[in-house]
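Enquirer: Note that the sequence shown covers residues 342 to 652 in this note's numbering.
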Amino acid sequence: MPLIGFLLGIGLAASLTLLFGVYTIGPTQRGVLTTFGRAQRTTGNTADDPQLGTLLNDEEKLRYNYPNIRVIPPGGPYFKWPWQGLSKIDMTIQTMDITWDPDVRQESIEAVTKDNLTVHISGQIRWKPCERNLYAYLFGISHPAAHVVGYFISVLRDRIATFHGENNEGAVEGVSINDLRRNLTLINSFMENACRKTAARYGIDLDAALITNIDPPSDVDEALASINTTQNQVAASISQAKADADQKLKMAEQAVQIAENRAQAEAAPLLELSKTLAAMHAEGGKGALDSYLRNASLPLREKAAQTILKL
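1. May I ask you to report which of helix, strand or coil DSSP gives Pro443?
2. Hey, could you find the ends of the beta strand (DSSP E) Ile545 is sitting in?
3. Contact defined as beta carbons within less than 8 Å: I believe Ile450 pairs with Asn554. What is the distance between those atoms, to the nearest angstrom?
4. For Arg411, report the span of its alpha helix (DSSP H) as first-last.
5. Can you look up Ala512 in the DSSP assignment and give me helix, strand or coil?
6. Nearest-angstrom Cα distance between Arg595 and Arg522?
7. How many angstroms separate the CA atom of Leu614 from the CA atom of Ala608?
8. Under the rule that 16 or more other beta-carbon atoms within 10 Å means buried, what is Pro485, buried or exposed?
9. Identify the continuous alpha helix (DSSP H) that holds Met532 and give its terminal residues.
10. Rounding to the nearest angstrom, what Cα-Cα distance links Tyr478 and Val373 in this structure?
11. Could you give the DSSP three-state label for Lys455: helix, strand or coil?
12. Taking one C-beta from the region 417-424 and one from the region 465-472 each time, how about it: are there three or more such pairs within less than 8 Å?
13. DSSP puts Thr298 in a beta bridge; with which residues?
14. If you draw a straight line from the C-alpha of Tyr492 to the C-alpha of Ala452, how long is it?
15. Only counting the same chain, and skipping five residues up and downstream in sequence, which positions put a Cβ closer than 8 Å to that of Gly511?
16. Given a cut-off of 8 Å, decide if Ile410 and Tyr388 are closer than it, judged by their beta-carbon atoms.
17. Met592 by DSSP, collapsed to three states: which one?
18. Taking the CB atoms as reference points, tell me whether Ile501 and Asn529 lie closer together than 8 Å.
19. Thinking C-alpha only, which one of Gly464, Gln425, Arg537, Leu427 is nearest Trp441?
20. Between Pro414 and Arg473, how many whole angstroms is the CB-CB distance? I'm expecting something under 8 Å.
21. Does the distance from the C-beta atom of Pro408 to that of Tyr476 stay below 8 Å?
22. Please name the residue or residues paired with Pro470 in a DSSP beta bridge.
23. From the DSSP output, in three-state form, read off Leu427 for me.
24. Can you give the Cα-Cα distance for Arg498 and Asp548, rounded to whole angstroms?
25. Use the C-beta contact count for Asp546: other C-beta atoms within 10 angstroms, 16 or more gives buried, fewer gives exposed.
26. In three-state terms, what does DSSP make of Leu374?
27. Can you grab the Cα-Cα spacing for the pair Ile333 / Gln581, in whole Å?
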């Protein structure tokens, strides 16, 4: 009997081991096994990674130098022992509002511009776990999503506080909110580039950043709207004045060209006559000129005689 009980115990233990030890990894998942809490290491670390290592400076390489671990790809069935733990990581891209905070409920985040104006910012980020650095994602920080949102907001606030837009004509000098609103695309692009190192630091790939609104307080917004309206009117008046001046200048240039053409047309017969008379004088002397003048005056004399007869 004791032997039968022992064999039954072994059989039950084997059945439970097979039942709870066999697992699969979904197509959008990756798995990490731990033995007594320790993940299975492979060779290399974050600082040596050809992609992640270039994202960190020398100081960060010392601080965020995580080991490479064995990542279980999709498929199965796989087997694990009872003393081993399994972590399944969802690798799909996730969208998160930048106002999300596990401890605080808020509709927007605040930032201060270079001219000490407090603005409210809203937007989203898209991210996914970095397969090349799952150790940092699982064991480096306790709440990866909250941590990367906090890092994003920190970088964003620094960018808002130091942002300088191009000095476009018609812009309100010293009012940075106008620069920020006009350059949302530029700010989003900067944030995506600045947050690429989150893959090496926290094991999270930032896929995209989308800042949708940067709004000042309502009373300031109304004042800015009035300023912008006035500035737009001034810019429109300047543009209209320049257009009128350009049109008048063009008309003046055309009038000068017409006058030059008319003068050239009137001078052309006289110049031709001068050449003809000079040639006649060179060939026949003064007598030839007198003969030409006598013949040329005949039509005038006939017209004069007709005029006298009519009178």
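Glycine included, each C-beta is placed from N, C-alpha and C at the ideal position.
Expert: Short version:
1. Numbered from its first residue, the sequence shown carries residue 443 at position 102. Correct three-state label for Pro443: coil.
2. Within the sequence shown, residue 545 is the residue found at index 204, counting from 1. Counting along the chain, the beta strand (DSSP E) containing Ile545 begins and ends at 545-556.
3. Taking the first residue of the sequence shown as position 1, residue 450 is located at position 109. Taking the first residue of the sequence shown as position 1, residue 554 is located at position 213. With 8 Å as the limit, Ile450 and Asn554 do not qualify as a contact, their Cβ atoms being about 11 Å apart.
4. On the sequence shown, position 70 is the one that residue 411 refers to. Bounds of any alpha helix (DSSP H) do not take in Arg411, whose DSSP letter is neither H nor E.
5. The sequence position of residue 512 within the sequence shown is 171, counting from 1. Any reading at Ala512 must be qualified, since the residue scores a pLDDT of 45, below 50, and its modelled position is unreliable; the value itself is stated next. Looking at Ala512 - three-state DSSP - the assignment turns out to be coil, as it is neither helix nor strand.
6. What you label residue 595 is simply residue 254 of the sequence shown in a count that begins at 1. What you label residue 522 is simply residue 181 of the sequence shown in a count that begins at 1. Residue identity differs from the one stated: residue 595 is Gln in this sequence, not Arg. So the two alpha carbons sit approximately 44 Å from each other.
7. If you number the sequence shown from 1, residue 614 lands on position 273. If you number the sequence shown from 1, residue 608 lands on position 267. Each residue's CA atom was taken as its position, placing Leu614 and Ala608 some 10 Å apart.
8. As a working mapping, residue 485 is identified with position 144 in the sequence shown. Answer is buried; the Cβ neighbour count reaches 16.
9. As a working mapping, residue 532 is identified with position 191 in the sequence shown. Looking at the DSSP string, the run of the alpha helix (DSSP H) that includes Met532 is 525-535.
10. By one-based count along the sequence shown, residue 478 stands at place 137. By one-based count along the sequence shown, residue 373 stands at place 32. So the two alpha carbons sit approximately 11 Å from each other.
11. What you label residue 455 is simply residue 114 of the sequence shown in a count that begins at 1. Collapsing the DSSP output to three states places Lys455 in coil.
12. Result no; under three Cβ-Cβ pairs closer than 8 Å.
13. The first residue shown for the chain is 342 and the last is 652, placing residue 298 beyond what the model contains.
14. Here the question's residue 492 lines up with position 151 in the sequence shown. Here the question's residue 452 lines up with position 111 in the sequence shown. Whole-angstrom Cα-Cα distance: 14 Å.
15. Position 170 of the sequence shown holds residue 511. Reliability of the predicted coordinates at Gly511 is poor, the pLDDT of 44 falling under 50, and no value is obtained from them.
16. Locating residue 388 in the sequence shown gives position 47, counting from the first residue. Locating residue 410 in the sequence shown gives position 69, counting from the first residue. Reading off the sequence, residue 388 comes out as Ala, not Tyr. When the beta-carbon positions are compared, Ala388 and Ile410 stay at least 8 Å from each other.
17. For the purposes of this step, residue 592 is identified with residue 251 of the sequence shown, where counting begins at 1. Three-state result, Met592: helix.
18. As a position in the sequence shown, residue 501 is number 160, starting the count at 1. As a position in the sequence shown, residue 529 is number 188, starting the count at 1. Cβ atoms of Ile501 and Asn529: not closer than 8 Å.
19. As a working note, residue 441 is residue 100 in the sequence shown. Per the C-alpha coordinates, the member of Gly464, Gln425, Arg537, Leu427 positioned closest to Trp441 is Gly464.
20. As a position in the sequence shown, residue 414 is number 73, starting the count at 1. As a position in the sequence shown, residue 473 is number 132, starting the count at 1. Between Arg473 and Pro414 the Cβ distance is about 13 Å, and since that is not below 8 Å, they are no contact.
21. For this step, residue 408 is matched to residue 67 along the sequence shown. For this step, residue 476 is matched to residue 135 along the sequence shown. In this structure, Tyr476 lies closer than 8 Å to Pro408 by Cβ.
22. Start at 1 with the first residue of the sequence shown, and residue 470 comes out as number 129. Here Pro470 is bridged, per DSSP, to Ile545.
23. Stepping through the sequence shown from its first residue, residue 427 is reached at position 86. Correct three-state label for Leu427: strand.
24. Along the sequence shown, read from residue 1 onward, the residue named residue 498 stands at position 157. Along the sequence shown, read from residue 1 onward, the residue named residue 548 stands at position 207. Looking at the two C-alpha atoms, the distance is approximately 20 Å.
25. As a position in the sequence shown, residue 546 is number 205, starting the count at 1. Asp546 should be labelled buried.
26. Within the sequence shown, the letter at position 33 stands for residue 374. Per DSSP, reduced to three states, the secondary structure at Leu374 is strand.
27. This structure leaves residue 333 out entirely; the chain is present only between 342 and 652.
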